[in-house]
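Residue numbers (this note's numbering), protein chains in the order written: chain S, 1 to 272; chain L, 273 to 544; chain Z, 545 to 799; chain H, 800 to 1054. Where is the CB? At the ideal position from N, CA and C, for every residue including glycine. All of these numbers come straight from a predicted model, not from anything done at the bench. A short write-up of the structure that comes next.
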Amino acid sequence: MPKLTDTLDDALSCIRDGCMLVVPREVSGVPMAATRALIRRGVKMLHLVALPTSSLQADMLIGAGCVETLETSAVSLGEFGPAPRFSAAIVNGTIRMKDATCPALHAALQASEKGVPFMPLRGLIGSDVLNYRDDWKVVDSPFGSDDPIVLLPAIRPDVALFHAPMADRNGNVWIGRQRELATMAHAADRTVVTVETIEDRDFLDDPIMAAGTLPGFYIEAVAVTERGAWPLPLPDFYPLDAAHMAEYARMAATPEGFADYLDRYVHDKRAA
Amino acid sequence: MPKLTDTLDDALSCIRDGCMLVVPREVSGVPMAATRALIRRGVKMLHLVALPTSSLQADMLIGAGCVETLETSAVSLGEFGPAPRFSAAIVNGTIRMKDATCPALHAALQASEKGVPFMPLRGLIGSDVLNYRDDWKVVDSPFGSDDPIVLLPAIRPDVALFHAPMADRNGNVWIGRQRELATMAHAADRTVVTVETIEDRDFLDDPIMAAGTLPGFYIEAVAVTERGAWPLPLPDFYPLDAAHMAEYARMAATPEGFADYLDRYVHDKRAA
Amino acid sequence: MFMTSAPRDFRDEELLADIIAGLIGDSRHVAVGNASPIPATAALLARERNGGARPYVSLLQSRKHNFFTDGARELFDCAGQGRIDVFFLSGGQIDGQGNINLVSIGDYEHPRVRFPGSFGSAYLYYVVPKVILFRTEHSKRTLVPKVDFVSAPGGNEPNVFREGGPIALVTNRCVFSFDRRKKRFTLQSIHPGHTLDEVNDNTGFDFDRPAQVVETPAPSRETLALLRGPVAQQLVEVYPQFAAQVFGVGARVSA
Amino acid sequence: MFMTSAPRDFRDEELLADIIAGLIGDSRHVAVGNASPIPATAALLARERNGGARPYVSLLQSRKHNFFTDGARELFDCAGQGRIDVFFLSGGQIDGQGNINLVSIGDYEHPRVRFPGSFGSAYLYYVVPKVILFRTEHSKRTLVPKVDFVSAPGGNEPNVFREGGPIALVTNRCVFSFDRRKKRFTLQSIHPGHTLDEVNDNTGFDFDRPAQVVETPAPSRETLALLRGPVAQQLVEVYPQFAAQVFGVGARVSA
């Protein structure tokens, strides 16, 4: 059974410097409170896999110097513009970028979920995304004739980290339609989840709840963190904080502004 | 949007002689009322894929002469003994058997779900299951060195057929934890579902219900068929009818007894 | 942007949505990615033209217009199954062979400008039968002879599995169709108020020109009624600012 | 079945569950397939010995003791991830190399007897670290020199990916351990009331014998208390007939 805790830092202790960390896309339950805690702790040299894209989370971790390698299909603040710390890091060459395409990341995580060393994927042939990935292979499908297809090696993260609406007293976590969160947990060695609340029941006793539940035996620790996705949305529970996103986009446009942002919204909370 | 109907035969009209039909295992919502309707109609030469195993359904379809090829990992009546019509058909050589192993069928359906021509799977090497399947290939993994691995060609059924607790007014079907039903529908060209009831709401409006819902755009037709899995169980809704299963096992032990069973429980209902 | 002298009773967004709805035609399932209000408008218009019955319109940003329940991978799986008929892509650069660049300008290892990334383009461009390229900015900066990075190619060698690809490129000046065999764009029509010279001057790639240059037809009265009625109402949930600005609907304006 | 002369205070099922619980040891996750009441009893016993904390016990037939929510494939995916530590397999035939046959007797194309099929054995036997073979019928019919059909092999060439396999074979007469390197069984202990001659006479394959033949220890008083108390109560949901028959618990007897 996972450890249930109110102490976020404790739950995050298995996320070590240099580990491979997988996180979900900007609308699937991004663990922003946990991200701020990791920045406060000063985690370093992460291999960050954003499944399949990211926004604020990757930008902040990169800006704060936590990331060595980034593997994703896109980083953007959406309607709030480009992701400034990501773009600067690429132009300045301060992170290693492994550009991917969305279904390739899903498939590579599913390979680990299924315990196979690789997954095939259509598309990609003729794109520079493939040309710059020497870890991806093109083979001739044994079921076709002259039918080249890409094989993607499995991605097996050390830790999966996400935010979800609720857990039950046995550490089962309700993820709803965000089923890529289950795949992340299946693929990773360990999974840490932050939740809005812990309910005093067992979701698996209720077939309707069970359908959207990730069983606790995949999970290392569950930390209660109210509004843990803020300022990003938690689907069906709260929307994105547009005013804050606009403020971030404005402040993070320069390194100095980004440092001010961290002082105001991240390090400030160390006392809390 | 799928066609919603009370007329089972109408919903089943896309299941033609000779088609590849995929059905779920004995505890995941077996469409038994639909199976009896298909036997009454006299469907022929089915390529039946049971994901990944079957009990009463495969045995009855085989006994009634509806099956040309059977692809599955096991057919058994469980605690009620061997599946008599299946065993007789194999010993008498009246059907073509493609023996598989459970995860191979799941993976081969997932290949079609993902639009890829094959999926890799561990295990199998050194087993006669593999030796007798000339459609499965062993290749050397390009990510290992001297690392043989099996590739399974995608299974793309013409029709997926299953029974579920409920649909909504827009033809979305609640499948709960039986997520292999979603994979079946994703993999098949067409999907026909029987349900206990149709509720006058939209499951996708409710995030808790949506988590266990197969969207209607995958579905061809939904037919209301109360107790449509009987005498098999509908998980969380009704249990297996043990007395009936024992009666089936007894009657189906001989071809004559099986014919009597059909007369009593299948053809009898033609009038209904 | 449109320099027309005659009085006009439609907005640029309405013209573009009308064109794109025509390209969508009668389809089963149209999916629209994030931050794409005009394609979303077009998809909803195409559906209203069929009495609301089809196509299924998945607006990936929406909860209400999103029918997926199998996580973020379902769009891609669904497209791989051949169930997504129409999708929209764009590019920081688009070239005359239909290649799109969503990654960077300059050398990939040491770029001058970095864009967000390729998203699902390197897959969807291959498997969705009708991909409509949409880029309002029609300039030599965006429409280039050769992209700096091929996020997804417009065409492939004949042995490469490909059931989809670009069918057209819609800009603020004109519509190009795309010939997959020739891997070339052909000018299809020029929007009211724009000229062939202007298109020639602002396009960085070579393209085929018909003998007679046609003007993009203005939206019909029926189309405008659908756009400003049911379509505008449906847009409020996903694109409140756009719906308010273009159609004057929706109570609150918030991001 | 057991021909013991001394008075016994335990049932055969209790002895077998005790042996198997010992083989399970301290594990994280034990999964038990359908129609396996004795392995289920053993798994629940192993958990009670740890105060109910671990292992997770998944009884695949149960709703209450089944933690899977990703469909019928999750057991196999989960095993492929290395998260299932113990599983149980059986066979219509089992041979001395640990090969099991769940398919047929005679020529595969024209068999004399057909069994249900291989189920997940051709996969789980490779990926689950501790597979316990369990076959109550210990005869030359079931324990054969060479199986007619290899549903799953006991061992492989060294280049074949394999992280799991058989660790033991438990019958109604004795316990064999399995040496994966040598691909051979060794007699481990003989159940009370049975003899080495009887084991020799009823085993169709060759196996290694220790110098001293040990008797399988009888279940302790603590073990019997756990079995007849909390374990029996938990069995009622999944195996009502078995629970009533062996432990006399459960109100209604129904299949």
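- Taking the CA atoms as reference points, Ala590 (chain Z) sits about 5 Å from Ala565 (chain Z).
- For His682 (chain Z), no Cβ of chain L is located within less than 8 Å of the residue's own Cβ.
- Judged by their CB atoms, Ala712 (chain Z) and Ile628 (chain Z) are not nearer to each other than the 8 Å cut-off.
- Annotation: the continuous beta strand (DSSP E) that includes Tyr600 (chain Z) extends over 600-603.
- Proximity of chain Z to Leu476 (chain L) at the Cβ level (cut-off 7 Å) is accounted for by Phe611, in chain order.
- Nearest in C-alpha terms to Ile491 (chain L), of all of L:Ala380, L:Pro356, L:Cys286, is L:Cys286.
- When beta bridges are read from the DSSP output, Asp639 (chain Z) appears opposite Z:Val688.
- Within chain S, the C-beta atoms nearer than 8 Å to that of Asp614 (chain Z) come from Arg177, Arg179, in chain order.
- If you compare the alpha carbons of Z:Asp692, Z:Lys690, Z:Phe631, Z:Ser606 with that of Pro599 (chain Z), the shortest gap goes to Z:Phe631.
- For Lys114 (chain S), the nearest CB of chain H lies under 8 Å from its own CB, placing it at the interface with that chain.
- Shortest Cα-Cα distance from Glu873 (chain H) to any of S:Ser112, S:Lys137, S:Thr254 involves S:Ser112.
- DSSP assignment within the region 202-226 of chain S yields the following whole alpha helix (DSSP H) runs of 4 residues or more, N-terminal first: 207-210.
- Closest option to Trp502 (chain L), judged by alpha-carbon separation, among L:Asp472, L:Val494, L:Glu343, L:Val467: L:Val467.
- In the DSSP annotation of this structure, the continuous segment of the alpha helix (DSSP H) that includes Asp741 (chain Z) starts and ends at 740-746.
- Pairing Val150 (chain S) with Leu109 (chain S) gives a Cβ-Cβ distance that is not under 8 Å.
- Ile334 (chain L) sits in a helix when the DSSP states are folded into three classes.
- Using beta-carbon distances, Thr225 (chain S) does not count as an interface residue toward chain H, since no partner is under 8 Å.
- By the C-beta density criterion, Val445 (chain L) is buried, having at least 16 other C-beta atoms within 10 angstroms.
- For Glu471 (chain L), no Cβ of chain H is located within less than 8 Å of the residue's own Cβ.
- The C-alpha of Ile582 (chain Z) lies about 29 Å from the C-alpha of Leu105 (chain S).
- Taking the C-beta atoms as reference points, Tyr922 (chain H) is found no nearer than 8 Å to Leu424 (chain L).
- Within 9 Å of the CB of Gly953 (chain H), no CB atom of chain S is found; the nearest one sits about 20 Å away.
- Between the beta-carbon of Pro689 (chain Z) and that of Gly615 (chain Z) there is about 40 Å, and that puts the pair past the 8 Å contact cut.
- At a cut-off of 8 Å, the C-beta of Phe86 (chain S) has no neighbouring C-beta in chain L.
- For Ala1031 (chain H), DSSP records no beta bridge to any residue.
- Checking the DSSP bridge columns, you'll see Tyr510 (chain L) partnered with L:Leu506.
- In the DSSP assignment, His609 (chain Z) is bridged to no other residue.
- Taking one beta carbon from each stretch, the region 162-171 of chain S and the region 136-144 of chain S have fewer than 3 pairs nearer than 8 Å; the two do not touch.
- Boundaries around Cys973 (chain H) are those of the beta strand (DSSP E), 973-978, since no alpha helix (DSSP H) includes it.
- The beta carbon of Gly624 (chain Z) sits closer than 8 Å to some beta carbon of chain L.
- Look at the beta carbons and you see the region 426-433 of chain L touching the region 445-464 of chain L: at least three pairs across the two are nearer than 8 Å.
- Leu318 (chain L) carries a strand assignment under DSSP once its states are collapsed to helix, strand and coil.
- Taking a Cβ-Cβ threshold of 9 Å, the residues of chain L close to Val139 (chain S) are Val411, Pro414, in chain order.
- Residue S:Arg36 holds the alpha-carbon nearest to the alpha-carbon of Leu12 (chain S) among S:Arg25, S:Tyr248, S:Ser28, S:Arg36.
- In this structure, the beta-carbon distance from Val1030 (chain H) to Leu815 (chain H) does not fall below 8 Å.
- Judged by DSSP in its simplified three-state form, Ser13 (chain S) adopts helix.
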